[in-house]
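To start, the structure under review is shown below, and the notes come after it.
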Amino acid sequence: MRPGNAVPRQPSLSDALIPLATLALLIGGSLALFGLDALDGPIQVALVLCAGVAALVAVKNGHEWAEVQTAGQGAMASVTSAVFILLAVGALIGTWNLSGTIPTLVYYGIQVLAPGWYYAATALICAVVALSIGSSWTTAGTIGVGLVGIATMLGVSPAITAGAVISGAYLGDKTSPLSETTILTAQMVKVDVYAHIRRQVWTSVPAFLVALAVFFVLGLAHVGETEDTVSTTTELDALSDVFWISPVNLLPLVLLAYLSIRKVPASLALIASALFAGALAAFTQPEVVAAFVSGTGNVVVESIKAVWQAMATGFDIDTGLTEVDQLVSRGGMDSMLLTLWLIFGAVTFGALLEHFGLIARLVDPMIASATSTGRLFLTVFACGFGLNVVAGDQYIALVLPSRVFRLEFAQRGLAPTNLSRLAADSGTVTSPLVPWNSCGAFMGATLGVSTLLYAPYAIFCYASPLLSVVYGYTGFRIEKTEPLDAAKERT
541 MRPGNAVPRQ
551 PSLSDALIPL
561 ATLALLIGGS
571 LALFGLDALD
581 GPIQVALVLC
591 AGVAALVAVK
601 NGHEWAEVQT
611 AGQGAMASVT
621 SAVFILLAVG
631 ALIGTWNLSG
641 TIPTLVYYGI
651 QVLAPGWYYA
661 ATALICAVVA
671 LSIGSSWTTA
681 GTIGVGLVGI
691 ATMLGVSPAI
701 TAGAVISGAY
711 LGDKTSPLSE
721 TTILTAQMVK
731 VDVYAHIRRQ
741 VWTSVPAFLV
751 ALAVFFVLGL
761 AHVGETEDTV
771 STTTELDALS
781 DVFWISPVNL
791 LPLVLLAYLS
801 IRKVPASLAL
811 IASALFAGAL
821 AAFTQPEVVA
831 AFVSGTGNVV
841 VESIKAVWQA
851 MATGFDIDTG
861 LTEVDQLVSR
871 GGMDSMLLTL
881 WLIFGAVTFG
891 ALLEHFGLIA
901 RLVDPMIASA
911 TSTGRLFLTV
921 FACGFGLNVV
931 AGDQYIALVL
941 PSRVFRLEFA
951 QRGLAPTNLS
961 RLAADSGTVT
971 SPLVPWNSCG
981 AFMGATLGVS
991 TLLYAPYAIF
1001 CYASPLLSVV
1011 YGYTGFRIEK
1021 TEPLDAAKER
1031 T
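According to my numbering, the sequence shown holds residues 541 to 1031 in order.
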């Protein structure tokens, strides 16, 4: 019990600003001191310290430490599914390399995809895959990994390719009826999911066309910088010498697509595909399996050990060619541990800010000052993107603005579909741009390209929210309803 059953004080503006100022100081300091290596531990430490500052502010305002612990436990519970997906992706990358699935994707992809239109083709492929299965994470963790690998072999930019992967993956994610974020956004704003998707098309499709045009120009600009045919042929020969290249190796990808379409939970589908790839490797890549575990002669034991090790610590090989080794020597659940540390720190910090009213203290004055539709739209965007930065989780960035602004939109006679589109453009699409956000951390770890390197090239993630805000100022595609009586009770 609190002393005298005292009621905790409401946070002041300075209370809300102190944790954010600490975040800016520590994140900026870690980047200044460590550069891109800041994501290997320093930023994680910064986020944990920021969570500590937010906790101290809550205690200062009269909250008990037990409340802080409960809020932190809620943060951990909120990312449980993300934890298992991350670990499953790590295991899948390891066994897909062991089975030759990723090498086969790269081998065929190099021969089909030309450097001049590679970035645009990458965005299109990922858009189709994500639209089909409804998951940007699964798209990036499977076909995206292969496409970034192909970029390295072709000599085009892995950073631009990663930006193209994310642009395509998030177009599919936010316009697919199978996407959990699409369904969640529609539910929070209380609109039909298909009505929500139809309204999103007005920002998503033009934004993706802009991204395709940029990627096409970038592809033409990089043609002269690509590697020569002799180098690429040498690397293809090395892949075919080490692995048995065959369409059979793509069966784990087919299985994953089938399970995703059947709406099997992502973590289960990924683990099933990883195990299937490991079992397949025993028959299709016996020499690779034997070399990986320093074969003892017992094929069954070797195969089990190889799959287990690939899922745990990843696959590695020494072919004598650096590019090939970097491509296939990846994966393992342990490769995701730094990313999980990052996510834990970020969502705990964000949960404390939300639970103890620090975010609301900042958002309420923003709503009051948004006197026009355009300014209201800009405020929603700032809230969604800001939550991706300070809360580190796209679900918080989706749910909180949808909940906070729903009544405001109704009172101003703005249809809820306006808010659902804007919330998706602000919360979902900008999440992979933040290195410590769960989405940004996942994409960086999975694609093997730092968030800070690919972020400038994730064109769709800028264009889509920009169009949403522009629509708010111009009135284009803004639907109106009868204004709700302000005296009605908040629902």
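Just so you know, even glycine gets a beta-carbon here, dropped at the ideal spot from N, CA and C.
Residues that DSSP places opposite residue i in a beta bridge
i, result
"L954", "K1020"
Selected residue, minimal CA-CA separation from residue i, among the options
i, options, result
"V1023", "F949, V974, Y994", "Before going on, a small fix: residue 1023 reads as Pro here, not Val. Comparing Cα-Cα distances from P1023 to each of F949, V974, Y994, the minimum goes to F949."
"Q651", "V804, T721, M693", "M693"
"G1033", "Y658, T1014, L760", "Absent from the structure is residue 1033, since the part of the chain shown begins at 541 and ends at 1031."
"H736", "T644, K714, A747", "K714"
"I625", "M983, S990, Y997", "M983"
"W784", "V733, A709, W657, T641", "T641"
"V696", "A751, F755, S676", "F755"
"S744", "I1018, T1021, C1001", "C1001"
"G980", "A931, G686, L947", "A931"
"G1039", "Q825, V588, G854, T862", "Any property of residue 1039 remains undetermined from this structure, which presents the chain solely from 541 to 1031."
"K803", "P643, T678, H603, A598", "T678"
"G681", "V588, A900, I633", "I633"
"N958", "S909, L861, V920, N838", "V920"
"T1021", "G953, T911, A699", "G953"
"F748", "Y710, R739, L758", "Y710"
"L795", "V782, R738, A809, S786", "A809"
"I899", "A661, L560, R738, V864", "L560"
"A908", "Q951, P975, A753, F896", "Q951"
"S496", "A670, V864, L571", "Absent from the model: residue 496. The displayed extent of the chain is 541 to 1031, so no value can be given."
"A628", "R739, M851, A797", "M851"
"L938", "S971, A910, L947", "S971"
"L779", "T722, W742, G630, G649", "G649"
"P792", "L776, P805, A819", "A819"
"Q740", "L760, A751, G712, P805", "G712"
"T620", "T644, D933, R961", "D933"
"V974", "A691, L993, S869", "L993"
"A761", "G602, D865, G656", "G656"
"S1004", "N977, P996, R961", "R961"
"L861", "V782, Y798, Q613, T662", "V782"
"T722", "I673, L758, P746", "I673"
"L671", "I801, P582, G614", "I801"
"R870", "G837, L880, D856", "D856"
Terminal residues of the alpha helix (DSSP H) in which residue i lies
i, result
"S707", "698-715"
"D555", "553-574"
"K600", "582-600"
"A611", "605-618"
"L795", "791-801"
"S912", "First-last for S912: undefined, no H or E at that position."
"F1000", "999-1014"
"Q550", "Q550 -> no alpha helix (DSSP H), and no H or E assigned at all."
"I642", "641-652"
"G984", "978-987"
"I723", "720-729"
"L993", "991-994"
Proximity test, Cβ basis, 9 Å: residue i and chain B
i, result
"I673", "Although the question refers to chain B, the structure presented lacks it and comprises just one protein chain."
### Query
Is the segment 698-708 touching the segment 805-817 in the sense that three or more CB pairs, one from each, lie closer than 8 Å?
no
### Query
Mind pulling the alpha helix (DSSP H) runs of 4 or more residues that sit fully within the segment 810-894?
826-832, 839-853, 862-868
### Task
Could you tell me which uninterrupted alpha helix (DSSP H) segments, each at least 4 residues in length, are contained entirely in the segment 660-700, listed from first to last along the chain?
Counting only runs that start and end inside the segment 660-700, the alpha helix (DSSP H) elements of at least 4 residues fall at 676-679, 685-694.
### Message
I'd like to know if the segment 883-891 and the segment 581-601 are in contact, where contact means that at least 3 CB-CB pairs between them fall below 8 Å.
### Response
Yes: the two stretches touch, three or more of their Cβ pairs being nearer than 8 Å.
### Query
Is the segment 666-681 touching the segment 634-648 in the sense that three or more CB pairs, one from each, lie closer than 8 Å?
Segments in contact, no.
### Message
Three or more C-beta pairs under 8 Å: does that hold for the segment 925-934 against the segment 574-586?
### Response
Contact fails: fewer than three Cβ-Cβ distances are below 8 Å.
### Task
Decide if the segment 966-979 is in contact with the segment 1004-1020; the criterion is three or more beta carbon pairs, one per stretch, under 8 Å apart.
yes
### Query
Any contact of the segment 602-614 with the segment 553-567, i.e. 3+ C-beta pairs under 8 Å?
They do not touch, by the three-pair rule.
#### Entry: the segment 937-947 / the segment 720-728 touching (three or more Cβ pairs under 8 Å)
yes
### Query
Whole alpha helix (DSSP H) runs in the segment 896-975 with 4 or more residues, listed along the chain?
898-909, 913-930, 934-951, 956-963
### Query
Quick one: any contact between the segment 844-863 and the segment 817-832, if contact means 3 or more CB pairs under 8 Å?
yes
### Three CB pairs or more closer than 8 Å across the segment 974-993 and the segment 860-879
yes
### Task
Pair every Cβ in the segment 579-589 with every Cβ in the segment 555-567, then say whether three or more of these pairs are closer than 8 Å.
yes
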